[in-house]
Every structure is written in C-alpha cells, then in structure tokens.
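As structure tokens, the structure follows; a few thoughts come after it.
Number of protein chains: 2
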Amino acid sequence: MAKYLYFFGGGRAEGDGKMKDVLGGKGAGLAEMTNAGLPVPPGFTISTEVCRLWMRSGRQTPAEVDIEMRQYLERLEALQGQKLGAGENPLLVSVRSGAKFSMPGMMDTILNLGLNDASVEALARRSRNPRFAYDSYRRLIQMFGNVVLEIEKKEFDRVFDAKKKQRRVQLDTELRAEDLKQIIAEYKKLVKKHSGRDFPQDAYLQLQMARDAVFRSWFNERAYHYRRMNNISDDLGTAANVQAMVFGNLGETSGTGVGFTRNPATGVKAFYGEFLMNAQGEDVVAGIRTPVPISELKMLMPAVYEQLRQITTRLERHYRDVQDFEFTIQEGKLYMLQTRNGKRTGRAALQIAMDMTAEGLITRDEAIFRVDAGQIYELLFPRFDPKTLAKAEPIAAGLPASPGAAVGQAVFTAAAAVEWVEKKRGPVVLVRGETTPEDIHGMEVAAGILTSRGGMTSHAAVVTRGMGKCCIAGASGIQVDEPGRRLVIGKQVLKEGDWLSLDGSSGKVYAGQLATVPADPNDPMLLEFMSWAEPFRKLGVRANADIPRDARAARSFGAEGIGLCRTEHMFFGEGKIEHMRAMILAKDEKERRAALKRLLPLQRRDFLGIFEAMDGLPVTIRTLDPPLHEFLPAREQIMVDLEKLASASGAAKRKLAGELRKRYADYGVRDAAGLRKLLARVEDLHEFNPMLGLRGCRLGILYPEITEMQARAIFEAAVALARKGKQVHPEIMIPLVGTPKELELQKEIVNRVAGEVLSQAGIKLDYLVGTMIELPRAALAAGEIAAQAQFFSFGTNDLTQTTYGFSRDDIGKILPVYLKTGVLKQDPFATIDQEGVGKLVRMGVESGRKTRPELKVGICGEHGGDPASVEFFHRAGLNYVSCSPYRVLTARLAAAQAAAAEALSEKAAEAGRTR
Amino acid sequence: MAKYLYFFGGGRAEGDGKMKDVLGGKGAGLAEMTNAGLPVPPGFTISTEVCRLWMRSGRQTPAEVDIEMRQYLERLEALQGQKLGAGENPLLVSVRSGAKFSMPGMMDTILNLGLNDASVEALARRSRNPRFAYDSYRRLIQMFGNVVLEIEKKEFDRVFDAKKKQRRVQLDTELRAEDLKQIIAEYKKLVKKHSGRDFPQDAYLQLQMARDAVFRSWFNERAYHYRRMNNISDDLGTAANVQAMVFGNLGETSGTGVGFTRNPATGVKAFYGEFLMNAQGEDVVAGIRTPVPISELKMLMPAVYEQLRQITTRLERHYRDVQDFEFTIQEGKLYMLQTRNGKRTGRAALQIAMDMTAEGLITRDEAIFRVDAGQIYELLFPRFDPKTLAKAEPIAAGLPASPGAAVGQAVFTAAAAVEWVEKKRGPVVLVRGETTPEDIHGMEVAAGILTSRGGMTSHAAVVTRGMGKCCIAGASGIQVDEPGRRLVIGKQVLKEGDWLSLDGSSGKVYAGQLATVPADPNDPMLLEFMSWAEPFRKLGVRANADIPRDARAARSFGAEGIGLCRTEHMFFGEGKIEHMRAMILAKDEKERRAALKRLLPLQRRDFLGIFEAMDGLPVTIRTLDPPLHEFLPAREQIMVDLEKLASASGAAKRKLAGELRKRYADYGVRDAAGLRKLLARVEDLHEFNPMLGLRGCRLGILYPEITEMQARAIFEAAVALARKGKQVHPEIMIPLVGTPKELELQKEIVNRVAGEVLSQAGIKLDYLVGTMIELPRAALAAGEIAAQAQFFSFGTNDLTQTTYGFSRDDIGKILPVYLKTGVLKQDPFATIDQEGVGKLVRMGVESGRKTRPELKVGICGEHGGDPASVEFFHRAGLNYVSCSPYRVLTARLAAAQAAAAEALSEKAAEAGRTR
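Chains A and B supply the protein sequences, listed in that same order. For the first sequence, this note's numbering gives the first residue as 1, with consecutive numbering after it. For the second sequence, this note's numbering gives the first residue as 1, with consecutive numbering after it.
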C-alpha cells in the first residue's frame, strides 16, 4: 500500500526537509524542525500524492486515505493525550495547505478545527477563558463556512458588524463571551441557510471536509493566477498539514508572529519580524492589525525572544539560506509553526548571496544560483532623481516594504487598476487599506502598491517583493476611502487618477510625478557578483535598441552589441513620418524614389547615432519590416469621415472640411476627392491578415528601392564614422525570409550599394548580410538559406505566431482559457515553447551549420530576456541572445547560470568517476 | 570547348530526337527528321545552353558562340551553294525559338532573314517574282522591327493600311510590287525614327540580333505567363533554330500548312490539318486567314498530299505518338518544318491512348501515362442537356476547336474578361475576331472562347485545347466589333454582358444560358482505361463535400469516402444563418445554448443527407472552423450606417431607419441603440489576423457547447440511419490543433456525447476521432498528438499559410512578383512546396506512425487534386487524398500513375539485376 501520510511529533518525523515534492514546503519544514528537536506542535502531513489522487478521482479522496488518516489522528491523539473535539481536554487542530513551491496566502487554511457545541464548553472550562473559547468557535464556523462551504465572507461580517454596532464597540476584542455566543447562533443559521445543512458537529467530518477544501483551494482563481505568474505546473497539487493547535490568543502572555532571519527587502543581516500579542496567526499575515516590530518582544519576553533567535539562527545555518518563519507563543511557551526559504527582492538576493559567501555559509559557485536571473534586472530599475528628491516634500510615510520607485495614478480597486492599464491610461499606483489575495490581478499591473494597514510581512509586502515591485505598507497617516475612490491625508484629498510617487526604499509617499534617473549598473556589489558568474557564460548577450539612448543604456548594462535595430521605428518620428507616408502613397517607382531620397539623410542620421554609441561592437540592422498600412490612417475612419462630409451642408460642412484638411494634411488631402483617393490607396493596401501579408523582405522585393535607400543610409553612416576612426560593424538583417532566393535578391542589393558607397569613399569595411529565421519554412530550409546567409537571427516572436498559428494581437481572448484548461503551460510568447518552436530552432541551427559551419546564430525577440528561454538557447548552441536593454543583465546571468550548472554537473560527474 | 551549335542537313544531323534538353523540341524534331531522310530544309540549332549563358552574362551572347555560329553558317552556305543575303542567289533563313517544352506561339520568330536592299533585288530577279521578293522584304522589316527593335506592330500596320486605302484595295495580295517598295521605304523610316538606327543591311548582324531577340522572347510576358500555367521552369531557356527559308508564298504551286496525325480535339484517327496556298507559315497559325482543310490538298496536289501522309504516318510510328507537324510546299516540292508530339484535349488523349494500344503501337502500361491526370477531369465536364439542346436554335456555327459546354456573358477583350471575373460578375465567354498570344490572361479566366476567324489549328484552338477549355473557332457568320463591344450575327446584335452558350463539340453557338447536365462517369472507354491504371494505385481517394449532391457526384466519380465535410458551410443556408448569428451574438452560455438547440435539428438533417449518400463509406466531418465574424456584417459598414443615421433627419431619417431595420433584421436590430450594440459585439469579435485568431478547435474549447451540439447532430443522424440498416462510418475531425491537449479536450466532448446518444439508442457504432494537421506545431508535435488521434488529415492549405507566413487572401499582390523573380517556382497553394510544407508532412507522418503504427493519414485541401502533389503524397506514404468531387478522377489517375511509375521502374531494375 502506498504511503499517504507522514507523522511529525515527539521529537521525530517520518519525513524530512528534502521531501518537498511529497510533503510540500510547509510539511517538509515541519518534519525537519521536528527532527531537529525544535518545539513544533505535533501533527501529520497528507501528501501531495493524495491531492493528485483526489484530482484524478473526480475530486474525491479515496477511502484508503481516510482509513490511514484515522490511524494518524489516533496517533496524534495518543501523543497529546486528547481526543479531537471531545472530552474535557479536546484536541483542536489546524488544517493548512502547503505546496512544493511556496504560494503565500494563495490557498486556504482552517484553524480551531474540532470545536463544536460540546467541545467549546470544555475549552471554556479548561482555559478558564470563555471569551477565548467562543471567539475560537466563531472563527472556526466563519472560516469553515467560507472555505469549506463556500459561503461569502461578507455574510459573516454583516452579522459580526451588526453585533458590534448593537453593542456600540469598535474593536473585536471588546465583544464579550455572551455576544460571541449570540454571533455563533447567528452564524449557524447562516450556514444552514446557505449550505442547506447544519454546521457539522462531528469533528472527524470537519477534518475530512477541511482537507478536501484545502485540496480544492489549489484550483481557486488566485492560486491559479499565481502559478501562471510563477510558472508552476497545475499538476503538482498541494499537501495538507493537520497540526495540533497552539493558541496565540489565550491572553497577554500569548501571541503570534512571523519573521525573517535577514531583511527580505534589502538583504541586510538583521533579525527581522513582527508579532501581535493575544492574536491568531491570520491576524498578522492578513494585515488586518498592524503588528509590532520583533525587537519589542525582547523587552516583553526576553527568554522567548532569545530562544527564537537561537532557533532561527540554527535554522538558517541548517538550510544555508534566509528563513521565513512563523511562531506562536502560548502562555509564555514558544512554538515554531513554519520555516521556509524566504522570498526576497533582487537587491536583497544579491546582498544575501554576497554576505553568505563572505560568512562561509555558501561557496561562490553556489552564490551564482542564489540570485534569480528574472529578478536581477530590478537592480537596474530607475530610482528617483536625488536632486528632485531632496526638494520634494513627502505627504505621507509608511514601511519600506519593497524597494523601487513607482510613479502612477491612484486607483482604489484591483479592477480599476486592470481597467486603467488595459485602456492604456498610463501607469497606476494601487492604493488599498490592505491588500488581499483577490487583489493579485491589480497588483500585477500596478506600478506600485500603497497600503494604510499591514506590516513588512503583510500580504502586500510579501507579494510585491516576489514581484520585484515597489510597495509602501502600513502608511498609517493616510486614510483610504475605497468606495469614495479617494485618499485622505490630513486635509489633503487625492482622487482616482491623481499622480503619486512612491519611494519603496524610504517608505515615503509624494504627490505628483517625481523625476527618475537610471540605476547605476556599476554598483560594486553587482559587479563583483557578476564577476563570479560571467566566466561561465558561453552565450553572447546583445540588446534590441532602435535609438542611441537605448543603445547606450544597453552598452552600460553589458550588452555586447545590438542584436536588433528596427528601422521602422525610426520612421515614426516627427519630420519623417510624412516622407514615409509619401513613399507609401506614391503612384509609381519615380514618386517612391523621390520620397525615399528625402528619407535617406534622416535615416543616415539615425544610423550614425547608433553606430557611434556602439563603437567597436556589432550592430544588427533589420531592413523595413511592418505592413505599410501601419503608417496610414484607419480605413474605417476615412469611410466614416467621408460619410460625415457627404451628409453635412452649409457652415457645418465647411467647418468639417477644414478639420479634415488638417487631420489629413500629412497625406496631401485637400478635399473630398483627395480623401476618396486616400481611401482607395488605403483599401489597396488593406490586408485580411497583415501578419501574413506584404511585409518583411516582401516589401524589399516588390520595392527594391526601399532596401537600396536603407543600405545606402547604413553604409554612408558607416563611412562617415570610419573616417572619424570609429569601428563600425554593421550586420544587415533581412526579415521574413522563407526561401534562399529572397535573401539572395535582397543581398544583391545590399552588396551592390555597399560596393558603390565604399568604393566611392575608398574605405574598406567588414559587414555581414544575414537573415531572420522567423517563419517555419525558413527553419525547415535553413540548410539552403545558410548558403546565402552570413548569420541567422531567430525571430521567435513571429516564429511562435506562425508555428502555433496564434496572432499575438488576437491571443488575448484565447490565452486565459488555454492556460486554465492546461492546453498551454505558459504563454508561448513569454517563454519559448521548446517542443514546437524550439524544435524548429534546433533544426534551423543544425542544418544551417551543416551548410556553413561558421554560421553565427542569434535570437532576437522577447524570449531573449526570459531566463528559461535563455537556458534553452544555451543548450541549443546559439552564439548570442538579444533582448531589451533592461533585460541584458537578466540574460547575462541566466546564460551564466545555464553554463555554470552544466559545468558544475560535469565536474561533479567527473569527480564521481575518478573517486 | 563546349559545343553550342548542332547542324542538320544533307541527310544527317549532329543531334537527334532525344536531345530536347539541348536542342529544344523543334530542334530535336528537325534533327530526327533529317536523320530519317525526310525533306527538311537544312540549318542549325543554337542550343538552350547558349540561352542560359546569355541569361547569366547579363543578356550578352558570348563571343565564342559567335565564332562557332559563323562556322556553322558557312557550312550551311556551302551546303546550299548560297551566301546569306548576298550574291545572285542569296541564302535567306528563318530564326525560330524552340524550348524543351512546347510553348506554341508564345515566343518570337523571324522569317526571310538575309534580305537587304541588294539581296531583295537578286531575289526578285532569281524568282522572277518581284512582288514576292518585296513582300518578303517588307515582312522581314516588320518582324525584325517588332521583335528585335521592339517597335509596336501597329506602327507598321498604320503604314500598310494607309497604302491599301490609298490604293483602294481590300486584300494584302492586291498590292503590287511598286506599292510594296513604297511601304518598304516608309518602314525603314519608321525603324530609323523609333530605334535611332537604320534597318541593318548586314545580314550577319541581322542574324545575331535576331538570335538574341529570340532568347529575349523567353522572358516576354505571355511566355512567362504560359510557363506559370504549365509549371515550366524559367531557368530552362530556349534554343534558336536557324534554317534555310523555303517559301510557301512563291505563287499558286506554293503553300504552307499544319496538321495532326489524329484529331487533337476528339482523338479520332483521321488525318487532320489545314493549309493555305501562296502564304507564309505565320498566316496559318496566327488565324489571320481561315485556312482550308487538308483534304483539299489531295485534289490540288495529289502527289504532295500522298507524300505528306506517308511522312507523317512514319513520324507517328517513329515517335509512337500523335504528331503535330508543319510543312511548306515551295513550287510543288514538300518540306517538313516541324514535328512534335501533339497537344490534345483530355478526351482525345484518352481516345488516342486506347486506339494506339489496340493498334499495338504502345502497351497498356505505357497507355496509362498517355493521359494527363490534370486533364482527365475534362471528361467530367458538364455537357448541355440533350433535351434542351434539341429544342435550342443555334445563332451561329464555327469549327469545334475544343470540346465542352461553356455558358457565359460575352466580353470582347482579354482585359474585360479578367475584370468581369475579378469582380465576380459571373462567367464570361471571350469573343474575338482572332485571339493573339496577348489574350492569354483573358482566355485563362473565360469559360469559353469564340472567334470569327482562324481554323482548328489557330492560336485560339491550340491554346484552349491545352487548357481543356471549350472553343469555337472561325465562326464565319459572325462579325465581332471589338471597339463597339458587340457581336453582330445577321440582324441580331449581342452586347457585352449578353449570355452565350457554346457547344465545343458541335461548334454551335446559342444565345442565352442553356441548361447543362453532368457528364457520364460511366463512359465505357474511361472505365476501361481506369481499369488498366487503377490496379497500381495505393493511395485512397476521397472527396471534399459539404452537401449530399456533391457527395453523390463524388461517389459517382469513384470517391472512396468523404475526406472533408466542412460543417460551417451548412450554417450559411437560409433558415440557419439567423440561428448561427444568434449563437454568435449570445451574451452568455445560456443564450448560446438556446441558439444551438435551434441549430441542432437543422445540422442533424444535413448529416443525414451526407451519411445517406455515402452509405457504407467513411465520412470525415470537421467541427466548426472559421472565425465567427465571418457570419456577421462588416464592421466598417455598421460604422458608416451609424454615421448616416446620426446625420440624417426628418423623413430621410425615418426612411433610412426603416432600411436599416430591414438590413439588420437577422441580428435583431430595431434602432440605433441596437445597431450600436451590434457594432460593439462585432468590434469585440474583430481580429487583426483572423487566420491566426479565434477559430478551429479554439472555438470548441472556448465554447464547448458548440462541439457538443455538432457531435450530437452527427450521432443522432448516424443512429437514425443505422436503424434503417445503413452503414455509417463517421470520422470526426478536430481542426487547428497545435497541442495534444486541445485534441484531448475536444475528443472528450465527442466521446461523451457519442456515449450518451448511442447508449440511449442502444446502438453500437464504430467511429473515429482524429485531427487536422494544419499548423507547423501540429506537425512538429505529431508524435504526441498521435497518442490522442485515431487519424490525421493534413490541411495543407492552412499549413502552407503558416509555414510560409502567406495569407491566401493577401498573396495576390506578392505572388506574381515572386514567380517572376524566381523566389517561387509555382504557386504553393496549387502545388505543394515539397522542401518546406512537404517536409512537415513527412515529419508528421513519420512521428505520428511511430506513436501509433496503424494511424490513418490523409490530406484534404486543394493539393489533393493536383497531380504533382498527389505524386508527392504517394511517396510520403499517406493513406488517402481528398479533393473536390470533380478532381476525384484526376487524383485517382495521378495516384495510379505515381504507383505505376514506381512499380514499373522497380520491375525494370529487377529485370536489370537478373539479366
């Protein structure tokens, strides 16, 4: 028979800390702490395997698990000398979720399980604290009703608040036992009404139902969403931990708290935590009451504080990483309820990795992996300009829960945050009294988070640190009026849409938009850390940049060249777009050439700037790529305008005509006839599927004069700089190639123009002509294409579109359903699809190099800045990845980690062989 | 040194009939006839290799070729005892194109080359026929001026017609030598004016220029277009044949003609041809004068006729195929100028193959290949209903140049034909005095061709027979007024757009639209022929059919099942589209289910009909595939209508509102607010790239209730028929799958519904659930997908779109340029791209079968009816192809030929080994 449950207690545990797969993170931590002799309330873990069985059996827990669970409960009862929810000293338990990968606050928990109408009386008698007993029972019914029976929380709140109102009290703690008894009676009615059954008095039935509800919470909306954000598979499932209750709410010598062995926001080595006396755990994490810094515990209970420090220091040594722990003090006695490796910001990860190496706790080779490549780019986040900051007057201050600088417009609900961002109304700051797991969508899109309640370990703080997002928590001077959509600070009132600036490093809140400056990429600690990792790296890292400013930024972040310079972006600028439009609207080649002639000097200037910024490094320039109608007004807009013009008369018509002349001035439209002509041309360029239409090299083949002009601009700029002694290495890249002939035709033009310009200038210049591989056919015919190409650059955005048949612009409706139904494990535009698109990449590299062994192969596109994808490209043997400037550091570290992991595992294997 | 030229003459030739690659078809024929001792004017062939050199050298013929050509000319002069364009007996030559694959009339020819101001006098003296000499000279200047110097033909015509007018004559032959001399003087001025140089008097220079002009004509528009239509590579180039002139225009004992050894329209074994006395070859082929049936030659010159019969019969025996020959009679002496395998209609090909087998000229195994699979479907062309035909009164009659029944609206220029068809104004009949090679675009799109001049071997006749298109030529009773866009038959006048019906088998022309009936697929000759070919066939052939009528037709043509039944086509019918629209516009699942419920019985009825028609054979049904907005009105139309409504007022507004209510009645729109709501929904469904959007199985995954309804309709229909004792084999096919999970999810629905319907009915029914492989990712992940699929069907249309990144709807602008520049050798949507898309097909088959060896694999899509593609699918090891009903016969023959070629070459190889 399979083993489904694992006991811990009495100084011994059946599992251990390595068994996260089976026990989940929490269960493994409890087992390890128990084995280490730490004070942990005993209990047992129902393994993740049970959850998976439950999923596969149509959400039913198999009977054999129940048999085993009954045995384990009896063992727990024997150890404690209690009976679950029975007798004069009833056993109460908590039932908590705990998955392999920590998902803080995403799943459900039930406390005080085992209470019923009889045991609550026993508890009251035994604790000599009836208020505590009834409060615990009322909490159970509320949690059970909400989590297990799925009754809305607000139904319970309504009853509770009505009682407070009736009793004219402010705080929960002001309610007396008698009041709580009445509330319990009301709660039971609620349960009966909404679930059609009585609140279960059978404690074992409570346990069964709670266990299954914990499993079910694996699939709740926010857990699901969290897994998507963190690339966690839906198949893993959660474990459930059943543990004897200890009570932090037994009075003033009881309490509960959470903490970190080092500061998770900054990484500073300082014991760090918060607690609340006379409270249950949920009160701290949920951010409902603002907790007290752990230093105060030293004053209140020095012995407990000392014990806690010793235990957690031991845990950090044991796990060789920062610990995030939970504890409860019951009537002066300390219990450990959880320990796990702590989540931290990128900045903290770096600091901790460096410190722990210095302390000899970990080696340099280990330290390399202690900073998440996906997080390190936070170090390059802009900060507020110190000069501006010096003059600015904060309007409020809170806890610096997660560092960074956020500037955005105030919104007061997660839904509003999502809406503002979807409607592209600019960045937002989400302002909440406290955040709850339901807010996760809004938090994800917000530039920063500001809360008026909650501490450094509150939901808002923990989640934003994980996201690398700025957060100020517990800014107690402010009053958040969510329904009124406003924020009151003293006499000052800020409404929805008002700008706020948050300094997550100082905890200061400013009104308006404060200026930011780029981060310093030469941070000495970062440089040292990278100097450990980089020697492993085999993959080159370039940046995608279209303007000199981005190129310079990329270079400062360590980019070894430009992997993609999109020339079309240059055409959008003022003073250029009209020539571009004239080029598109040209009747014939002659008109088109005239417009191109006007574009040439402008384009040359663009290239001059980029080449200068990248002096000595290669710059890959892609020839014109997008469908031309992107530069023209929308077809339906012209149609409607024409219709308006036709219907209007008199003065209204003259006014409208004037407006339209202005609107369409760039297109040389002077009257209705001109507008109709424009419409005809726009119709002519209209395509049903522009992504699969006249774009990429197809433009250059239909209109060779465009490629000609671009090549001329490139080489004239290169010549001008070469004369000044600069080193220019242009790599001209032809987009959307599907056949060798396309590349050949475009290459001919480039080489001809290069020959003309260079021989006229009398200058020798090395340059390459290569191609994007962004169509499945290009990957399939890579062998033949390589005969024409000096380099390949995989355009994995387009390649993903065509391989999957997914338009990036249209996937919005499909993706959420596809992720939810498990069709896709992740957004294939964020992380490369190794089985499909990746297969084409491997085929393309292999057959390209077969034809031309020295072929340089890179990838440009979003995937170049995604650590998992970078790891894949490393394995696929690419020469470089190219990503957006701010992802360069991420790509460098991810590439180094991929190579280091490979090198270290080879070394280990070798050591194994020689031993 | 490479050999560039090949001599023929004096009973011996350097080349032979097998050297079509080098000599072109014409050159090879001339060599073969010379070797056989037939009367062929001597000359030499400039090989296709020279043309290719000319292409590669920037359209310059290398000097070494010129050196060799001078030697060959001297050899010809020696043999003839003449000098090119010099002396008292000047040698005149023709320079004719001749490519490997015959391209009748597409390239250029120059006759009478060698004439100049001196030699024309010598010719006049020697022939004692000054009129003949000056006529020849004026023809040379005209042809040379047009072909070599690129002066428009109408410039020469103007001079010529002015002279006729001045001389008040009707016929060219009525002009006297003196008139022709004056014309020559005018022509020379024309040449000087337009080309800036004098007409070259140096005969060798004439020859060089003419040769290069022939090479150039390989690239003219019509030749280019012809190659595209016939899949001939642009790289081949043409040979040029230089041959001593013989003159058919030397008087009444001279003449020229063309013929076939059997009737190329019907295949009947009858000597068949036409000639003109006192004429040059171009006069016959160009259709300018209507020639005389060859039987009349028997009366005029019995000995020549007898000799011609003997020679051509010998040629047919020699080549073992129908010969298409050209001859000239010079003063009573017969010369053969060309022989080649004759082009023929599908009907004729069949007849000839059967006859030649019966005659013992070829074997059955050879006969199989004598009918072009791409042509045989002509045998299934509808014919006019005999009952209607019996009562109909023809308005005119001409030569039955190419059989078939054509119904269309009269148009009088090729451009008009193209325009009408592009604007989807229905089928057209192209009516011309005579067709010229410039008309080829219009001929291609016309349903049939009617000419008032020209014979059975005129341009119109030859080209239409090649196209398998109905043609009536030389309908002499009619008068075509091209500029006036009308057709005059006696007193009757037909204008552009008037309907005509052509019976290509009888040569009769009818006014109006005559009813047609389908062809008889049980033609005994066809059945016998197919009984020779079919035993070889390994590939199954199914049809794409969405309605019972098409299914029945397909079955009668030998389809072995339905390979693709597109369910969306069914929704477009009256009484269905409104429920479909309601389904799409539904606010929520409930509304959607209500609309689907109304669709269910209608869809069930559709399936009933198809299943019944295919009783005993498998029917593959594809679930809903297209983007939903295809069922809704265009977004911009609603926008414009809303704008109109907003601008209108008073009575006009009420009227418009009424119109719009009617127009949008199907969508439940009653007022402007309703229209705005409709627009909002249409906007919501709007996609940037619908081809890559919400379609295929994505619909069924987002709205499982759609798949559910379709599955229910399928199984309920199947059950109803099973109860009646019919054999139903549904194969449910899920479209646009990219991952195994998509198929799994949809299969679950199908299996669940099937289980419900079948168990309720108490009926057992075998069915399959499989998938389209139409995305590159599906082909790449075929191994995993096969675990879920009982069959694959390659959707090569979509697969071509995504592999190439070409939208079928948008390729129109790109394709012509891509074909012209050689990027594409052929339209990848017509013939499968073996190097790209084909590679995915092979990968998909291989990895699919690795997972599931018994996997059934088919292909549905346009490629299923294309012979070259069918051959590829045979080699790729597919189980079946599925094509449109009228291509079933083509697919069957192509599949049989592919297998037969393989089997026969294996047999030959084995015979070789055992010998």
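Just so it is clear, CB atoms sit at the ideal spot from N, CA and C, and this is done for glycine as well.
Taking residue i and residue j to be in contact with their CB atoms under 8 Å, please state how far apart those CB atoms are, rounded to whole angstroms.
| i | j | result |
| --- | --- | --- |
| I562 (chain A) | M614 (chain A) | 6 Å |
With DSSP run on the structure shown, which of helix, strand or coil describes residue i?
| i | result |
| --- | --- |
| Q409 (chain B) | strand |
| H371 (chain B) | Sequence check: residue 371 (chain B) is Val here, not His. V371 (chain B): coil per DSSP, three-state reduction. |
| I811 (chain B) | helix |
| T620 (chain B) | strand |
| N341 (chain B) | strand |
| W499 (chain B) | strand |
| N116 (chain B) | coil |
| Y319 (chain A) | helix |
| L250 (chain B) | coil |
| I749 (chain A) | helix |
| E708 (chain A) | helix |
Taking Cβ positions, are residue i and residue j nearer each other than 8 Å?
| i | j | result |
| --- | --- | --- |
| P853 (chain A) | Q788 (chain A) | no |
| G490 (chain A) | S402 (chain A) | no |
| A779 (chain B) | M843 (chain B) | yes |
| V919 (chain B) | I701 (chain A) | Residue 919 (chain B) is absent from the structure shown; chain B starts at 1 and stops at 915. |
| C860 (chain B) | G795 (chain B) | yes |
| L73 (chain A) | R131 (chain A) | no |
| D498 (chain B) | A410 (chain B) | yes |
| G15 (chain A) | T45 (chain A) | yes |
| A711 (chain B) | I734 (chain B) | no |
| H863 (chain A) | L539 (chain A) | no |
| P437 (chain B) | A405 (chain B) | no |
| L736 (chain A) | V728 (chain A) | no |
From residue i to residue j, what does the alpha carbon distance come to, in whole angstroms?
| i | j | result |
| --- | --- | --- |
| L878 (chain A) | M530 (chain A) | 21 Å |
| K188 (chain B) | Q182 (chain B) | 10 Å |
| E683 (chain B) | A240 (chain A) | 46 Å |
| T253 (chain B) | M301 (chain B) | 9 Å |
| V304 (chain A) | I311 (chain A) | 10 Å |
| T261 (chain A) | E316 (chain A) | 7 Å |
| W582 (chain A) | T707 (chain A) | Per the sequence shown, residue 582 (chain A) should be read as Ala rather than Trp. Using only the alpha carbons, I get a separation of about 17 Å. |
Return the bridge partner residues of residue i from the DSSP annotation.
| i | result |
| --- | --- |
| F260 (chain B) | B:Y272, B:D324 |
| H629 (chain B) | BP columns for H629 (chain B) are empty, so no partner. |
| C883 (chain A) | A:A543 |
| M55 (chain B) | None; M55 (chain B) has no bridge partner. |
So does residue i have its beta carbon nearer than 7 Å to some heavy atom of the ligand PLP?
| i | result |
| --- | --- |
| R593 (chain A) | In terms of ligand content, the structure shown is empty, and the ligand PLP therefore cannot be addressed. |
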